[in-house]
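First residue of the sequence shown? That's 1 in this note's numbering, and the numbers climb one at a time after it.
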Amino acid sequence: MSSQKNIFFATCAPGVEPVLHEEIRALRLPRSERQVGGVYFEGGIEAARRANLWLRTAIRVLMRVQRFACGDEGTLYAETKRVPWESFLRADGGLVVDAQSRDSSLSHSRFIEQRVKDAIVDRFREKTGRRPNVDREGADLGVHAHLFRDRCTLSVDTSGHALHRRGWRKHQGRAPLAETLAAAVVKFSGWDGRAPLLDPFCGSATIPIEAALMAAGIAPGLFSQGFGFENWPGHDTKAWEREKSEAHQKRRSPKRLRLYGTDRDKQRIGEARENAASAGVGDQVELEVADAREFAPRRGWNAWIASNLPYGERIDRGIDLEVLYERFGDALRTHCEGYHVALLCPLGPLTKRLGLRRPERHTLLNGGLDCRLLCAKIDP
Ligand SMILES: C[S@@+](CC[C@H](N)C(=O)[O-])C[C@H]1O[C@@H](n2cnc3c(N)ncnc32)[C@H](O)[C@@H]1O
1 MSSQKNIFFA TCAPGVEPVL HEEIRALRLP RSERQVGGVY FEGGIEAARR ANLWLRTAIR
61 VLMRVQRFAC GDEGTLYAET KRVPWESFLR ADGGLVVDAQ SRDSSLSHSR FIEQRVKDAI
121 VDRFREKTGR RPNVDREGAD LGVHAHLFRD RCTLSVDTSG HALHRRGWRK HQGRAPLAET
181 LAAAVVKFSG WDGRAPLLDP FCGSATIPIE AALMAAGIAP GLFSQGFGFE NWPGHDTKAW
241 EREKSEAHQK RRSPKRLRLY GTDRDKQRIG EARENAASAG VGDQVELEVA DAREFAPRRG
301 WNAWIASNLP YGERIDRGID LEVLYERFGD ALRTHCEGYH VALLCPLGPL TKRLGLRRPE
361 RHTLLNGGLD CRLLCAKIDP
């Protein structure tokens with residue numbers, strides 16, 4: 001399977017596509033093309049292994065296995081049955097199917113899922129006399145069926161789990177940012193990987209931890225307990241072990257790197273320290289209790305501030321967010337001339353209170369909430 005050229009689609013949270021595309025280009029994954037919701041690229045299965053191991057902002061890497069015109073149930077069943085599913089699943093393995101349909105004659109996703117499952121199971125039964133189990137939790141293979149304008153695309157999930165669940169997190173905090181989104185915030189900020197980076201609302205420290213992993217060249221996939229492709233019958237264990245060991249060797253120990261996270265909540269800081277230790281960057285991220293209303297970092301430091309500010313909807317209903325945003329904005333103007341900021345804020349009038357001048361705005365979706373990432377350099 002390795003020499004074969006496949007089409008992959010790395011999915012991401014809405015708005016993250018530009019930085020995911022940059023990552024994919026930096027990994028030299030060929031023929032990449034940005035779409036809404038993700039980025040296509042091509043290659044053999046080794047390209048999927050590399051993507052799962054190294055991409056920081058992707059949620060899943062799907063591999064296309066079949067695409068066909070599909071206006072009725074019979075075609076869906078017959079075309080699905082033609083796919084050599086035994087390349088991806090053992091006859092006694094667990095299977096989960098997930099379907100989406102838009103502007104198509106077959107419109108009920110549950111029905112599509114059922115027919116795709118039937119076709120896969122029937123193929124196994126006819127070929128081997130055995131059949132896979134249908135298994136929502138802990139399935140060995142995830143299959144995605146996507147219908148759009150009566151064209152069906154069938155894909156297998158090479159990741160096997162959402163990649164934002166890296167595996168380093170011990171504590172969630174109260175409103176944790178997904179690891180993939182934290183990595184996207186750092187990438188959008190344009191951080192150079194050397195300057196000090198501060199998160200004055202760090203919560204469980206997702207942003208400083210992801211920044212530390214980037215600066216140390218630690219592949220995020222090294223934390224994973226196993227990817228979907230590792231269950232495939234033809235999986236090349238030797239090549240995979242070699243690729244992981246090469247990734248381990250790429251780890252750097254950046255000298256004099258200063259990463260700081262502060263939060264007013266003492267419990268969060270205790271948890272954040274455990275998270276950083278679990279990610280292996282406990283000695284690179286300094287975490288302390290502090291109130292962002294008194295934020296006063298060193299002047300002239302040319303640091304980066306990357307942070308996810310409190311949202312009224314999810315937490316901190318009890319605090320006056322307008323005053324907090326205003327005071328934090330004042331602190332930025334007073335102490336942070338020349339700093340770069342990337343602030344993830346809820347959509348709405350609160351962001352005006354920060355008083356940032358002509359920030360670059362990116363629309364991102366965080367846990368179902370529409371957000372703005374405001375990127376700016378603090379001018380005198
Ligand atoms: C949206 S959460 C940040 C979540 C974080 N990015 C994570 O991944 O866990 C906002 C954080 O701001 C903190 N916070 C609220 N008011 C604060 C203040 N005045 N000073 C410092 N931190 C504050 C809350 O305790 C909360 O942890």
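Idealized CB from N, CA, C, for every residue including glycine.
According to the neighbour-count rule (16 or more other Cβ atoms, all chains shown, within 10 Å of its Cβ), is residue i buried or exposed?
i	result
A239	exposed
L347	exposed
G226	exposed
G38	buried
D263	buried
H144	buried
A26	exposed
R372	buried
P176	buried
S204	buried
Output the distance between the C-alpha atoms of residue i and residue j, rounded to the nearest integer angstrom.
i	j	result
A139	H335	52 Å
G160	N52	10 Å
W168	S105	43 Å
L374	R353	13 Å
S189	L364	14 Å
N6	L181	27 Å
F389	S155	Residue 389 cannot be examined here, being either before or after the span of the chain that is shown, 1 to 380.
V36	I269	36 Å
E274	D265	15 Å
D150	H21	28 Å
R194	G312	33 Å
A296	D330	10 Å
C12	A212	21 Å
E230	A91	16 Å
A99	Y339	45 Å
L163	G221	8 Å
S245	G367	34 Å
With distance defined between alpha-carbon atoms, name the residue in the options nearest to residue i.
i	options	result
E322	T351, R242, R256 and S87	T351
V134	L324, H164, A292 and D118	D118
T206	N231, G193, D122 and E179	E179
D72	A13, R115, H362 and G44	R115
L332	I218, A306, A277 and G312	A306
Q249	A216, R256, F229 and W232	A216
A183	T158, E210, A162 and K170	E210
K377	N302, D320 and F328	N302
C345	G338, R357, H362 and E337	H362
A247	A276, A58 and F223	F223
R123	Q100, C152 and L89	L89
Return yes when at least one heavy atom of ligand 2 lies under 6 Å from the C-beta of residue i, else no.
i	result
P310	Judged by which ligands are present, ligand 2 is missing from the structure shown, whose ligands are ligand 1.
Since residue i and residue j are thought to touch, with beta carbons under 8 Å apart, how far apart are those beta carbons, to the nearest angstrom?
i	j	result
G94	P132	6 Å
V61	F148	Incorrect: roughly 20 Å between the Cβ atoms, too far for contact.
V96	P208	Incorrect: roughly 35 Å between the Cβ atoms, too far for contact.
R31	E42	4 Å
F201	P310	6 Å
Where do the ends of the alpha helix (DSSP H) carrying residue i lie?
i	result
P18	E17 to A26
G38	Unbroken run through G38 is the beta strand (DSSP E), G38 to G43; no alpha helix (DSSP H).
Y77	E73 to K81
D118	S109 to T128
P346	P346 -> not in any alpha helix (DSSP H); beta strand (DSSP E) instead, spanning H340 to P346.
W240	T237 to Q249
If you follow the beta strand (DSSP E) that residue i is in, where does it begin and where does it stop?
i	result
S101	G94 to R102
F223	From DSSP, F223 is part of no beta strand (DSSP E); its letter is neither H nor E.
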